[in-house]
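Presented below is the structure to which this report refers.
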Amino acid sequence: MSENSVTEEAQERETAPVESDSTEPKSPVATVSDQVAPDTNEASKEVVNPLFDFFVFIGQELDQRHVRDGIRIMSKGVFVAEDLIEPIKNLYLKFCHKVSTAEGFITDEKASKKLFGGNAPELFYLVEGKHCIIGSLIACEVKHPASIKLPLYRGSLIETSNYLHPRDPIFEDLEGVRAKLDEQHGVQFELDVGNDVYSFKSPFLSEFVSLALNNRRIQTDFPLLARGLRYAPMAVVELLRKSRRETPKHKCLMPAHWRTTKDLELRRLGGIYFLINPDRELLGCYELRGKNQAVFVRAELDALRAQRASQQIGTIILSRHPGKIFATIILEGKTYKLSTKVLNRYLSWLLEPRNLPDKFVARFTLRDCIRSLSDQFDKHTLIERHSVPRHILQLCRGRETFLKCGNWIAVLERGEVLLLEQLSPSSAGVRRGMRAPKMGKARPHRARSRIS
């Protein structure tokens, strides 16, 4: 062998790449090795997070028209337009099959969870000038987003859960729902309901969604409501169509804030009420049933506490702080606590049309209801245990004091009114779905044997 040949062979050995002992497979796309710290843990070597490489893969494989219209690289990850979520997921499956890692055998469900957190990903608005794109984010920290050949976005995403953008693409597909920009009042939305046109602002929509998420029937009929405000307008349209207008003489409980508003229209569907001004603008909504009734009561109690007026309503004195105990009352010379549970129990009975007092005005408030409850307690007389109906005794533990308050039985123990029950078991709140809670293990009743 010549001297020149030996020299060339030595040079080739010096410049040849050193073979790595790592079992990590080679990726078909470029990798950024300085973003992953070396780890001696064998388990971590088997599963390598391929998201950064996948972002590069998107720019190489996805149609450039789709990239331009619906893909944006950010420091927080990659934004994917809603109509590209499925194609991107399929592209990720293709990417995983190309790399020889544990990720190569990923399932469709796991791909959705890996990229978007699940099959129902959170939606965001991406606003560029007059264009508004809706989509989801593949969350992954990208230190140098400009280094990836995808359209760069330096702005912030807007959550759709608590905001409805007037340029949301959904308005192009919804009939009878429009968004307009008013110089005086900002963004307003219009709804066509029959021959009438109603309007509302974003705060109303947030209030409606909060109500809907506490109503099982609405959630069943409109399951997408849980994903954001953008799905709420059509639910509002449907409920308004089914609702009926309450006459000014019809008695109903309403928020104290709106009681003095002139020409206020009330529309009702079941226990749901819509408050509408003369311009057909939806001002608010509330429900007098189930969880939403409890929400309504808490809000009205907070409003009563904030007033400068006396905190005593009849013989009931409101507590200063919010909580389960809303007031106290003096009975038989002792002070007893009153819980919101007792108040809601009484309201469920009182709000039945046949039970409303004649002295109530057409638009009454929670203060009027608390006054009515106070009137019931004013009629109280102490009774013995043997005079208490059996259906009430079954809810007790054996150490209570009982008061008869008109057609009600109040159960007292340890300084609190624990229960307020009707004398007749079928009279109190059964139609409204309210059940009396049990106080513990019931004292057993022994039935007397009959001798014929």
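Heads up: the sequence shown at position 447 corresponds to 1062 in our numbering, and the numbers run straight through without jumps.
Glycine included, every Cβ here is placed at the ideal spot set by N, Cα and C.
| query | result |
| --- | --- |
| Indicate whether residue 869 and residue 978 have their beta-carbon atoms separated by less than 8 Å. | yes |
| With three or more beta-carbon pairs closer than 8 Å as the criterion, would you say the segment 700-717 touches the segment 668-679? | yes |
| Extract the residue ranges of the alpha helix (DSSP H) inside the segment 1004-1028, only unbroken runs of 4 or more that lie entirely within it. | 1005-1008 |
| Anyone know if the C-beta pair for residue 847 and residue 826 falls short of 8 Å? | no |
| Can you give me the start and stop residues for the alpha helix (DSSP H) that residue 681 sits inside? | 679-685 |
| Using the three-state DSSP reduction, which class does residue 769 fall into: helix, strand or coil? | coil |
| How would you write the range of the beta strand (DSSP E) that residue 711 sits in, first residue to last? | Premise fails: residue 711 lies in the alpha helix (DSSP H), 700-713, not in any beta strand (DSSP E). |
| Would DSSP call residue 636 helix, strand or coil? | Here residue 636 scores only 39 on pLDDT, less than 50, and its place in the model is too uncertain to base an answer on. |
| Beta carbon of residue 677, beta carbon of residue 686: below 8 Å? | yes |
| Quick one: what's got a C-beta closer than 7 Å to residue 903's C-beta in the same chain, skipping five residues either side? | 868, 886, 911, 966 |
| Return helix, strand or coil for residue 825, following the three-state DSSP convention. | helix |
| Please give the ranges of any beta strand (DSSP E) in the segment 781-819, keeping only runs that are unbroken, at least 3 residues long and fully inside the region. | 792-797, 801-808, 811-815 |
| Let me know if residue 759 comes out buried or exposed under the rule of 16 or more other beta-carbons within 10 Å of its beta-carbon. | exposed |
| On a CA-only basis, which of 738, 957, 974 is nearest residue 1024? Give me that one, please. | 957 |
| I'd like to know whether the C-beta atoms of residue 1032 and residue 953 end up nearer to each other than 8 Å. | yes |
| Could you name the residues of the same chain whose beta carbon sits closer than 8 Å to that of residue 680, not counting the 5 residues immediately before and after it, in chain order? | none |
| Which residue wins for smallest C-alpha separation from residue 1021, given the options 1028, 1014, 998, 669? | 998 |
| Assuming residue 809 and residue 856 are in contact, meaning their beta carbons sit under 8 Å apart, how far apart are those beta carbons, in whole angstroms? | 7 Å |
| Look up residue 888 in the DSSP assignment and give the residues it is bridged to. | 883, 901 |
| Considering only residues of the same chain and omitting the five flanking positions on each side of residue 994, which have a CB-CB separation below 7 Å? | 1020, 1021 |
| Nearest-angstrom Cα distance between residue 889 and residue 815? | 12 Å |
| Output the distance between the C-alpha atoms of residue 939 and residue 969, rounded to the nearest integer angstrom. | 29 Å |
| Specify the secondary structure class of residue 1074 as computed by DSSP and reduced to three states. | The structure shown does not extend to residue 1074, since the chain is modelled only from 616 to 1067, so the question has no answer here. |
| Reducing DSSP to helix, strand and coil, say where residue 933 ends up. | strand |
| CA-CA distance, residue 818 and residue 866? | 27 Å |
| How big is the Cα-Cα spacing for residue 792 and residue 805? | 6 Å |
| Please classify residue 1017 as buried or exposed, where buried requires at least 16 other C-beta atoms within 10 Å of its C-beta. | buried |
| Below 8 Å between beta carbons: does that hold for residue 883 and residue 735? | no |
| What would DSSP say about residue 759, mapped onto helix, strand or coil? | coil |
| Since residue 1037 is in the beta strand (DSSP E), which residue starts that stretch and which ends it? | 1031-1037 |
| Am I right that residue 909 and residue 871 are in contact with their C-beta atoms under 8 Å? What's the rounded C-beta distance? | Actually they do not touch by this definition, with Cβ atoms about 17 Å apart. |
| Whether or not the segment 943-951 and the segment 892-901 are in contact is what I'm after, with contact meaning three or more pairs of Cβ atoms, one per stretch, closer than 8 Å; do they touch? | no |
| At which residues does the alpha helix (DSSP H) containing residue 692 begin and terminate? | Per DSSP, residue 692 belongs to no alpha helix (DSSP H); it is in the beta strand (DSSP E), 692-696. |
| May I ask you to list the residues that DSSP assigns as paired with residue 688? | 693, 767 |
| Taking the alpha carbon of residue 851 as the reference point, which residue from 862, 864, 836 has its own alpha carbon closest? | 836 |
| Could you pull the DSSP bridge partners for residue 673 from this structure? | Paired residues: none, contrary to the question. |
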